[in-house]
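S.K.:
Numbering (our numbering), first residue to last: 1 to 218.
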């Protein structure tokens with residue numbers, strides 16, 4: 001099978017599951033260093049999985065986002081709110097147009113390398129808080145990318161209508177080592193267990209009936 005995809009790979013459980021799901025079609029994995037609290041932990045996880053699968057891994061710096069954008073995700077561990085994604089305070093973790101910027105860079109890289117599709121692991125659990133994870137945005141961005149490239153690069157986002165529990169189950173089926181993925185927005189050595197992404201991660205493993213080997217602070 002010809003490899004025609006490039007993936008936006010954070011190193012979290014969603015994009016890592018997608019990496020394994022489409023490993024036979026992925027030529028390049030892009031991880032973006034934009035200065036988030038948990039970037040360093042995520043990048044290391046992404047590197048490990050790409051090495052295991054023999055997929056080229058490129059880390060692209062986006063320093064300007066940390067310098068000029070406002071988000072609690074860029075302001076240190078103490079700025080991260082605790083609770084469920086359904087809570088209003090979770091909006092502070094939005095990094096403005098993050099996926100749009102990353103998809104645009106991935107699109108340019110795809111056309112430069114002769115690839116046809118950009119993979120992204122947004123899912124339904126993101127929809128309440130993150131507008132650039134919703135189906136309407138992904139569809140519009142894909143249309144813009146096709147219009148703006150000679151090769152009509154498009155987005156492939158197979159988890160858009162799926163939830164985190166599905167991703168946990170799919171990853172387990174694919175043999176993903178979730179202990180080598182990182183989610184916590186605080187970026188410490190252990191997951192805090194209390195921020196929105198930690199709560200969602202714990203819930204997904206519990207509902208899917210999969211052992212959770214994540215190291216939590218509590």
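Glycine residues also receive a C-beta, built at the ideal position from the N, C-alpha and C atoms.
Thinking C-beta only, is residue 36 closer than 8 Å to residue 9?
M.R.: As a working note, residue 9 is residue 9 in the chain shown. As a working note, residue 36 is residue 36 in the chain shown. No, the Cβ-Cβ distance between residue 9 and residue 36 is not below 8 Å.
S.K.: Comparing alpha-carbon positions, which option in 194, 172, 191 lies nearest residue 208?
M.R.: Within the chain shown, numbered from 1, the residue matching residue 208 stands at position 208. For the residues 194, 172, 191, the minimum Cα distance to residue 208 belongs to 172.
S.K.: Given this structure, state the Cα-to-Cα distance separating residue 146 from residue 122, to the nearest angstrom.
M.R.: Working through the chain shown from its first residue, we reach residue 146 at position 146. Working through the chain shown from its first residue, we reach residue 122 at position 122. Looking at the two C-alpha atoms, the distance is approximately 19 Å.
S.K.: Quick one: is residue 12 buried, meaning 16 or more other Cβ sit within 10 Å of its Cβ, or exposed?
M.R.: Here residue 12 corresponds to residue number 12 of the chain shown, with the count starting at 1. Buried is the call here.
S.K.: Is the region 53-62 in contact with the region 10-29, if contact means three or more CB pairs nearer than 8 Å?
M.R.: Output reads yes: the region 10-29 touches the region 53-62.
S.K.: Would DSSP call residue 216 helix, strand or coil?
M.R.: Against the chain shown, residue 216 aligns to sequence position 216. Here residue 216 sits in strand by DSSP.
S.K.: Under a three-way DSSP split, which group does residue 67 fall into?
M.R.: Here residue 67 is taken as the residue at index 67 of the chain shown, counted from 1. Here residue 67 sits in helix by DSSP.
S.K.: Using the Cβ count rule (16 or more neighbours within 10 Å means buried), how would you classify residue 222?
M.R.: Absent from the model: residue 222. The displayed extent of the chain is 1 to 218, so no value can be given.
S.K.: Indicate the three-state DSSP secondary structure (helix, strand or coil) for residue 183 in the structure shown.
M.R.: Sequence index remark: in the chain shown, residue 183 carries index 183 (1-based). Three-state result, residue 183: coil.
S.K.: Can you tell me whether DSSP reads residue 154 as helix, strand or coil?
M.R.: Residue mapping note: residue 154 aligns to position 154 of the chain shown, counting from 1. Residue 154 falls in the strand class under three-state DSSP.
S.K.: Return the residue from the list 205, 181, 192 that minimises the CA-CA distance to residue 40.
M.R.: As a first step, residue 40 must be located in the chain shown, where it is residue number 40. Here the closest residue by C-alpha is 181.
S.K.: Ignore the nearest five residues each way along the sequence and tell me which others in residue 137's own chain have a CB closer than 8 Å to its CB.
M.R.: As a working note, residue 137 is residue 137 in the chain shown. Correct list, in chain order: 99, 100, 131.
S.K.: Based on the DSSP secondary-structure assignment, which residues constitute the bridge partners of residue 56?
M.R.: Taking the chain shown and counting its residues from 1, the one referred to as residue 56 is at position 56. DSSP lists 28 as partners of residue 56.
S.K.: According to DSSP, which residues form a beta bridge with residue 61?
M.R.: Stepping through the chain shown from its first residue, residue 61 is reached at position 61. In DSSP, residue 61 forms a bridge with 33.
S.K.: Rounded to whole angstroms, what's the CA-CA distance from residue 5 to residue 135? Just pull it up for me.
M.R.: As a position in the chain shown, residue 5 is number 5, starting the count at 1. As a position in the chain shown, residue 135 is number 135, starting the count at 1. Taking the straight line from one Cα to the other gives about 20 Å.
S.K.: State yes or no: is the C-beta of residue 119 within less than 8 Å of the C-beta of residue 18?
M.R.: For the purposes of this step, residue 119 is taken as residue 119 along the chain shown, with counting starting at 1. For the purposes of this step, residue 18 is taken as residue 18 along the chain shown, with counting starting at 1. Yes, the Cβ-Cβ distance between residue 119 and residue 18 is below 8 Å.
S.K.: Which residue marks the beginning of the alpha helix (DSSP H) containing residue 164, and which one marks its end?
M.R.: Taking the chain shown and counting its residues from 1, the one referred to as residue 164 is at position 164. Element bounds for residue 164: 164-174.
S.K.: How many angstroms separate the CA atom of residue 109 from the CA atom of residue 213?
M.R.: If you number the chain shown from 1, residue 109 lands on position 109. If you number the chain shown from 1, residue 213 lands on position 213. For residue 109 and residue 213, the distance between alpha carbons rounds to 35 Å.
S.K.: By DSSP, does residue 5 sit in helix, in strand, or in coil?
M.R.: As a working mapping, residue 5 is identified with position 5 in the chain shown. Correct three-state label for residue 5: strand.
S.K.: Decide if residue 64 is buried, meaning its Cβ has at least 16 other Cβ atoms within 10 Å, or exposed.
M.R.: One-based indexing of the chain shown puts residue 64 at position 64. Classification of residue 64: exposed, given that the 10 Å Cβ count is below 16.
S.K.: Run through DSSP, which three-state label would residue 119 get?
M.R.: Taking the first residue of the chain shown as position 1, residue 119 is located at position 119. DSSP places residue 119 in strand when its eight states are reduced to three.
S.K.: Assuming residue 116 and residue 153 are in contact, meaning their beta carbons sit under 8 Å apart, how far apart are those beta carbons, in whole angstroms?
M.R.: What you label residue 116 is simply residue 116 of the chain shown in a count that begins at 1. What you label residue 153 is simply residue 153 of the chain shown in a count that begins at 1. Their Cβ separation, rounded to whole angstroms, is 6 Å, which keeps residue 116 and residue 153 in contact under 8 Å.
S.K.: Exposed or buried, what is residue 1 when buried is set at 16 or more other beta-carbons lying within 10 Å of its beta-carbon?
M.R.: Your numbering for residue 1 matches position 1 in the chain shown. The residue is exposed, with fewer than 16 neighbouring Cβ atoms inside 10 Å.
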